[in-house]
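First residue of the sequence shown? That's 75 in our numbering, and the numbers climb one at a time after it.
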Amino acid sequence: MREEIAGVWLPGAPGEKISECGEGMGLVMGLYEKTLYLFMGDRGLLLEFGEGIGHEVNDRVRRMALTIQAEAIEGIIETVPTYRSLLVIYNPLTLPIDPLKKRLQKIEEGLRETSFPEPKLTRIPAAYGGPYGPDMEDVAKHCGISTEEVIRLHTSKPYFIYMIGFMPGYPYMGELPETLIMPRLKTPRLSVPKGSVAIAQKQTGIYSMESPGGWQIIGRTPIELFNPEEKPPALLQMGDLVQFYSISEEEFREWKT
75 MREEIAGVWL PGAPGEKISE CGEGMGLVMG LYEKTLYLFM GDRGLLLEFG EGIGHEVNDR
135 VRRMALTIQA EAIEGIIETV PTYRSLLVIY NPLTLPIDPL KKRLQKIEEG LRETSFPEPK
195 LTRIPAAYGG PYGPDMEDVA KHCGISTEEV IRLHTSKPYF IYMIGFMPGY PYMGELPETL
255 IMPRLKTPRL SVPKGSVAIA QKQTGIYSME SPGGWQIIGR TPIELFNPEE KPPALLQMGD
315 LVQFYSISEE EFREWKT
């Protein structure tokens, strides 16, 4: 299943189109027929591969990011993969935009269906409802099920990490069971506690630090998702899997002591 999101490129939208790669562009959910290459300031080039949240587009993003990293191209500082696009941050004094664009197009044209590393499965404990899940009752009411069924469904399957974003270590995961599909809050909270487990549309995520946020909060984990002293600093990585399991409030408090 796929969560369909807005974002079709239109003239005048942020990011100036500078080239396309492939045969014809299809404005449908899934891969574009032509990848869009968009300026993002004077040090960024955005490769936009398609529309929607799904494995077809995200696999292309991941494969391109891994290939660029493996080639260790001088002048490329960092790559930032997302659901459907890849930001390439570069040094224009070392690698000007035209040679960079041509190099990336060449990589993309030769991209092969290679296997990804075996995904790591991380089990994440979560205390659901009560003081840790202030939206649990509303979620249950909206879905027409009990809070126990919300917990059962949310812990019933592993979730694929499509991207890390919004804040350091925050995993965007999917897809939720159909019954748990929920809109975002009409009014975002000014403060969401660190570790909050949230859902929105067909996605689920974990707030890696205290932050404003508009997702429905159904629980909280005592696990630290981001520590700048660790290598890597983020516990979870794009392409890996997360399986939630329920713990009691007492177990949560014991975990934190």
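Where is the CB? At the ideal position from N, CA and C, for every residue including glycine. No experiment lies behind these values; they were computed from the predicted model shown.
According to DSSP, residue i sits in a beta bridge with which residue or residues?
i    : result
M237 : Y246
K276 : BP columns for K276 are empty, so no partner.
P155 : L160
I225 : Answer by DSSP bridge pairing: none, since I225 is not bridged.
I291 : A272
Q317 : R197
E125 : G104
F190 : Bridge partners of F190: none, in fact.
I150 : Y164
Looking only at its chain, what residues have a beta carbon closer than 7 Å to the beta carbon of residue i, apart from the 5 residues adjacent to it on each side?
i    : result
L185 : R137, M138 and T141
L105 : F123, G124, E130, V131 and R134
P296 : P199, G269, F326, W329 and K330
H216 : M256
L227 : P251, T253 and L254
T229 : F318, Y319 and S320
S285 : M241 and V266
N301 : P307
G81  : Per-residue confidence for G81 stands at a pLDDT of 29, beneath the threshold of 50, marking its modelled position as unreliable; the derived number appears in the next sentence. Taken in chain order, the residues that qualify are E125.
List the endpoints of the continuous alpha helix (DSSP H) containing residue i.
i    : result
I181 : I171 to E183
A144 : H129 to E145
Taking only three categories from DSSP, how would you classify residue i?
i    : result
F326 : helix
M114 : strand
P199 : strand
K215 : helix
E252 : helix
G204 : helix
L310 : coil
Could you tell me the boundaries of the beta strand (DSSP E) in which residue i lies?
i    : result
R258 : Element bounds for R258: n/a, residue is neither H nor E.
R263 : R263 to V266
Write down the C-beta distance between residue i and residue j rounded to the nearest angstrom, noting that I regard them as a contact closer than 8 Å.
i    : j    : result
I291 : A272 : 5 Å
E125 : L112 : Wrong, their Cβ atoms sit about 15 Å apart, outside the cutoff.
I127 : Y281 : Not confirmed; about 19 Å, so no contact.
I225 : T253 : Rounded, the Cβ-Cβ distance is 12 Å, inconsistent with contact.
S159 : L120 : 6 Å
P166 : R117 : 6 Å
In chain order, what residues of the same chain lie with their CB nearer than 8 Å to the CB of residue i, ignoring the 5 residues before and after it?
i    : result
S322 : A201
I238 : Y244, P245, Y246, A308, L310, Q311 and M312
T168 : E148 and G149
G287 : P262, R263, V266, S270, A272 and Y281
L315 : P193, K194, L195, T196, P232, Y233, F234 and I235
Grab me the residues of residue i's own chain with a C-beta within less than 6 Å of its C-beta, minus the 5 sequence neighbours each way, in chain order.
i    : result
V154 : L161
Q311 : none
E152 : I163
T221 : G203, M210 and A214
E183 : none
I181 : T141
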